[in-house]
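Only one structure is covered here, and it is reproduced in the block below.
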Amino acid sequence: MMKKKRAVPGIRPYDGPAGGWGALKATAIAVKTQMETFEAPVTLMRTNQPDGFDCPGCAWPDKEHHSTFQFCENGAKAVTWEATSKRVTPEFLAANTVTSLLEKTDFELEGYGRLTHPLVYDSASDTLRPVEWEDAFKRIGEVLRGMQSPDQVEFYTSGRASNEAAYLFQLFAREFGTNNFPDCSNMCHEPTSVGLPQSIGIGKGTVSLDDFDNTELVISIGHNPGTNHPRMMGTLHELARRQIPIIVFNPLRERALERFADPQNVIEMATYSSTNIASTYYQVKAGGDAAALKGIAKALLEYDAAQGAGSNVIDRDFIADHTQGFEQFATDLAATPWKDIEAESGLTQEDLEQVALAYAKSKATIITYGMGITQHNKGTANVRLIADLLLMRGNIGKPGAGICPLRGHSNVQGNRTVGITEKPSPEFLANLENVFGFVAPKEHGHDAVKSMQSMVEGTSRALICLGGNFAVALPDPDLCFPAMKSLDLSVHLGTKLNRSHLLVAKETYILPCLGRTELDMQDSGRQSITVEDSMSMVHASSGKLKPASPFLLSEPAIVAGMAKATLQDSKVPWMELVADYSIIRDLIEKTIPGFDKYNERIAQPGGFRMPLPPTERIWPTPTGKAMFSVFSGVEEDAEVQGDDVLRLITLRSHDQYNTTIYAMDDRYRGVFGRRDVLFMHDIDLEKRGLEHGDLVDIETVVAGRKLRLENITVISYNIAPGSVGAYYPEANVLVPLDYIDKESGTPSYKSVPVRVTHATAS
């Protein structure tokens with residue numbers, strides 16, 4: 023709830039629920055702004071349908087029984103943004119220099135529309151001009167072959183790339199000779215991919231949608247589904263209507279976690295009513311997640327002890343049969359003082375004991391979490407703590423229970439499954455060698471941060487991007503942007519113009535590709551691609567719209583074109599694979615476990631689920647057991663404590679998906695037409711002599727770097743005291759490139775130590 027001390031332009035309370043008529047209005051505006059009106063209804067009704075295309079937005083799974091409407095407000099924005107009638111033509115690019123385009127906002131750049139031609143940067147005119155596909159491929163191949171080492175090239179992958187494109191991309195890079203695979207997962211859920219294998223043997227969630235039908239309690243930590251996974255709101259809405267408790271931990275009061283009106287619920291829409299979602303809402307401090315989790319676990323142990331002999335609060339049979347490390351875990355909890363837990367989490371002992379009591383009473387519990395858990399200096403340890411809490415009561419491997427990481431882009435999990443990783447397993451590399459006959463590189467490569475550090479140092483000389491907005495997604499643009507410009511070669515596959523494209527290297531190519539919504543015709547006919555959602559369901563996606571331009575190629579075709587031009591003695595039949603994507607899937611089946619009868623099973627509505635051994639209480643860890651871990655202490659970073667230090671959380675607005683900004687509003691938080699704001703609690707405003715609407719400067723408190731964001735409007739907001747929030751990617755200027763979780767390499771976007779003062783300049 024916002025305390026409005028004076029009128030501030032663009033800041034006003036939003037009193038409605040999440041969803042409801044507000045969502046329908048926003049969907050209508052997106053359609054009217056982007057698409058031909060007659061095309062929009064048919065296109066949207068194909069979204070997430072068995073014979074349609076997978077939404078290019080989030081990775082929330084599809085229901086087994088499909089209604090006509092399987093899209094949400096932000097899914098509609100993603101679809102209409104891609105299927106827009108606006109075009110970036112050669113004439114537009116000839117009239118606008120790269121230098122002038124760099125002065126535009128990220129919103130303006132993508133808002134110009136779809137790319138229509140392959141482009142090359144012309145330094146003489148400082149413009150992007152059309153180039154023939156074969157000429158682009160030929161020159162890219164020449165530059166890559168001229169590198170002193172394959173490890174001078176970075177191969178970046180965006181989470182919206184299909185399984186087929188991602189598999190060809192890793193095949194190209196590995197036959198070329200490198201494991202440099204920075205990808206978007208490195209910047210968001212890499213702590214899940216690193217931490218969960220240590221705990222349960224696999225880096226994926228264990229729940230399905232059916233588990234939500236059978237659960238008795240949901241604990242939601244560090245995510246805002248109303249904006250980032252809106253279709254999840256339908257599931258939470260159903261749970262709340264069934265009186266299933268939903269306990270929320272989040273520094274900000276997010277409207278969707280408070281109350282939601284389902285646009286498909288006729289009664290709620292007709293009566294302007296809504297459903298309360300969170301049964302209890304705890305505003306944990308930024309960086310206080312580990313303390314809160316340890317507090318719940320500690321309270322659970324104490325409650326178990328108080329019950330005496332025969333207590334079943336702790337599932338000791340499960341722990342004895344299926345786990346190791348519990349005694350060390352319990353000893354550490356006993357030694358952790360409550361005063362430390364309270365100070366770091368911002369919550370009371372009584373708060374956390376109430377959560378532990380609710381957890382003890384539940385026979386089946388799901389814990390969901392997002393980047394509020396992972397994007398911390400100890401994000402991997404946070405993930406392991408969530409697994410620990412579930413293991414204490416045997417809540418993995420039974421109906422209605424499990425761990426549910428909420429990943430972002432719709433195929434970020436699938437990309438990892440099909441080989442996009444800088445640390446490939448020996449078994450996978452051996453399979454590639456056996457099937458394709460080339461020697462795969464064994465040395466581990468670069469993740470996202472290491473790849474950029476290598477560019478900054480001048481070691482890496484080329485970057486190939488399978489989608490995405492790499493430089494803008496990373497922290498520390500003062501380091502990253504010049505490094506991009508210093509490269510010998512940058513290549514970007516994409517549908518729209520973005521800032522990373524414009525950070526031109528000595529040679530830069532922008533290669534426009536088909537989108538999910540568009541018809542993909544190859545020599546063998548219409549093609550389907552496949553994706554894997556956040557619950558490990560693999561299903562087909564088939565676009566039907568006429569491509570935005572006759573000059574577009576599919577992602578697999580572009581990857582194959584580059585590979586064929588680069589690898590002159592390649593052992594891979596690239597053009598055969600492009601002609602028929604089912605052959606790519608046959609090769610995935612031969613080299614990656616779990617894809618048995620791949621083509622046959624994706625022909626079934628809904629596809630198939632990848633193997634998840636922990637759901638059967640099989641633990642693919644070195645010990646064959648699920649592993650408890652110890653989180654030493656409770657502090658996120660003890661080196662930056664201080665009374666005047668706040669923790670900055672970078673946030674996405676409601677009109678945003680990752681680096682893509684659909685519009686300039688964030689209506690649930692009461693922000694309209696602007697993004698230059700800092701959310702702060704009244705207590706912290708008063709301590710600093712600030713008022714709602716003042717201009718402030720923000721400075722990062724990290725040794726070795728002096729990073730500042732100036733002249734930002736501070737607004738009073740219901741956020742945990744000690745925490746502040748600002749929009750991503752604008753606030754990335756405050757996040758040092760090396761301020762990361764050392765285990766996973768993920769930047770600490772959600773817990774940056776900062777000082778906030780009155781602005782020194784106006």
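Numbering (the numbering used here), first residue to last: 23 to 784.
Cβ coordinates follow ideal geometry from the N, Cα and C atoms, glycine included.
Cβ neighbours of residue i in the same chain (closer than 8 Å, five flanking residues each side left out)
| i | result |
| --- | --- |
| residue 318 | 374, 377, 378, 381, 411 |
| residue 371 | 317, 321, 360, 363, 364 |
Residue i (DSSP reduced to helix, strand or coil)
| i | result |
| --- | --- |
| residue 821 | With the chain covering only 23 through 784, there is no way to say anything about residue 821. |
| residue 682 | strand |
| residue 442 | coil |
| residue 327 | helix |
| residue 768 | coil |
| residue 299 | coil |
| residue 653 | coil |
| residue 266 | coil |
| residue 779 | strand |
| residue 41 | strand |
| residue 799 | One cannot answer for residue 799 here, as it falls past the ends of the chain, which runs 23 to 784. |
| residue 553 | strand |
| residue 315 | helix |
| residue 704 | helix |
| residue 644 | coil |
| residue 673 | strand |
| residue 720 | strand |
| residue 1 | Residue numbering for the chain in the displayed model covers 23 to 784; residue 1 lies beyond these limits and cannot be assessed. |
Alpha carbon of residue i to alpha carbon of residue j, nearest angstrom
| i | j | result |
| --- | --- | --- |
| residue 169 | residue 480 | 13 Å |
| residue 219 | residue 643 | 7 Å |
| residue 404 | residue 117 | 50 Å |
| residue 418 | residue 196 | 36 Å |
| residue 670 | residue 748 | 7 Å |
| residue 735 | residue 720 | 11 Å |
| residue 526 | residue 115 | 14 Å |
| residue 227 | residue 32 | 39 Å |
| residue 674 | residue 638 | 36 Å |
| residue 154 | residue 163 | 14 Å |
| residue 577 | residue 541 | 13 Å |
| residue 41 | residue 598 | 46 Å |
| residue 605 | residue 594 | 12 Å |
| residue 455 | residue 462 | 6 Å |
| residue 646 | residue 109 | 55 Å |
| residue 759 | residue 247 | 27 Å |
| residue 39 | residue 268 | 17 Å |
| residue 772 | residue 368 | 16 Å |
| residue 729 | residue 502 | 14 Å |
Same chain only: Cβ atoms within 6 Å of residue i, ignoring 5 sequence neighbours per side
| i | result |
| --- | --- |
| residue 579 | 600 |
| residue 259 | 282, 284, 297 |
| residue 487 | 178, 514 |
| residue 30 | 715 |
| residue 583 | 159 |
7 Å CB neighbourhood of residue i in its chain, flanking five on each side removed
| i | result |
| --- | --- |
| residue 20 | A query on residue 20 cannot be resolved here, the shown segment of the chain reaching from 23 to 784 and no further. |
| residue 611 | 617, 618, 620 |
| residue 273 | 305, 306, 307, 308, 671, 741, 742, 745 |
| residue 631 | 558, 559 |
| residue 657 | 366 |
Segment contact flag, the stretch 468-481 with the stretch 501-518, C-beta cutoff 8 Å, min 3 pairs: Yes, the stretch 468-481 is in contact with the stretch 501-518.
Validate contact between the stretch 288-295 and the stretch 337-346 using beta carbons, cut 8 Å, 3 pairs: Too few Cβ pairs lie closer than 8 Å, so no.
Continuous alpha helix (DSSP H) assignments of at least 4 residues falling wholly in the stretch 335-382: If only complete runs of 4 or more residues are kept, the stretch 335-382 shows the alpha helix (DSSP H) at 338-344, 348-357, 360-367, in order along the chain.
Uninterrupted beta strand (DSSP E) stretches inside the stretch 139-172 (no shorter than 3 residues): Runs found: 141-144, 149-152.
Touching by the beta-carbon criterion (3+ pairs, under 8 Å), the stretch 491-498 and the stretch 235-251: These segments do not touch.
Three or more C-beta pairs below 8 Å linking the stretch 386-396 and the stretch 348-362: Below 8 Å, too few C-beta pairs join the stretch 386-396 and the stretch 348-362 to call them touching: fewer than three.
The stretch 742-752 in contact with the stretch 705-721 per 3-pair CB rule at 8 Å: Contact between the stretch 742-752 and the stretch 705-721 is present: 3 or more CB-CB pairs across the two stretches fall below 8 Å.
Stretch pair the stretch 431-448 + the stretch 551-564: three plus CB contacts closer than 8 Å: The stretch 431-448 vs the stretch 551-564: in contact.
Any 3 or more C-beta pairs closer than 8 Å across the stretch 565-578 and the stretch 133-142: Result yes; three or more Cβ-Cβ pairs closer than 8 Å.
At least three beta-carbon pairs within less than 8 Å, the stretch 531-548 to the stretch 760-772: Judged by Cβ distances under 8 Å, the stretch 531-548 makes no contact with the stretch 760-772, as fewer than three pairs qualify.
Every unbroken beta strand (DSSP E) within the stretch 469-495, with a cutoff of 3 residues, ordered by chain: Segments of the beta strand (DSSP E) lying fully in the stretch 469-495: 484-488.
Three or more C-beta pairs below 8 Å linking the stretch 190-208 and the stretch 165-182: With a cut-off of 8 Å, the stretch 165-182 and the stretch 190-208 count as touching, because enough Cβ pairs lie within range.
Contiguous beta strand (DSSP E) assignments of at least 3 residues, all confined to the stretch 412-463: The DSSP assignment places 424-427 as complete runs of the beta strand (DSSP E) inside the stretch 412-463, in order along the chain (cut-off: 3 residues).
The stretch 324-335 contacting the stretch 298-315, beta-carbon criterion three pairs below 8 Å: A contact between stretches requires three or more CB pairs, one per stretch, nearer than 8 Å, and the stretch 324-335 fails this requirement with the stretch 298-315.
Ordered list of alpha helix (DSSP H) runs contained in the stretch 556-604, each at least 4 residues: Within the stretch 556-604, the complete alpha helix (DSSP H) segments at least 4 residues long are 577-588, 596-601, listed from N- to C-terminus.
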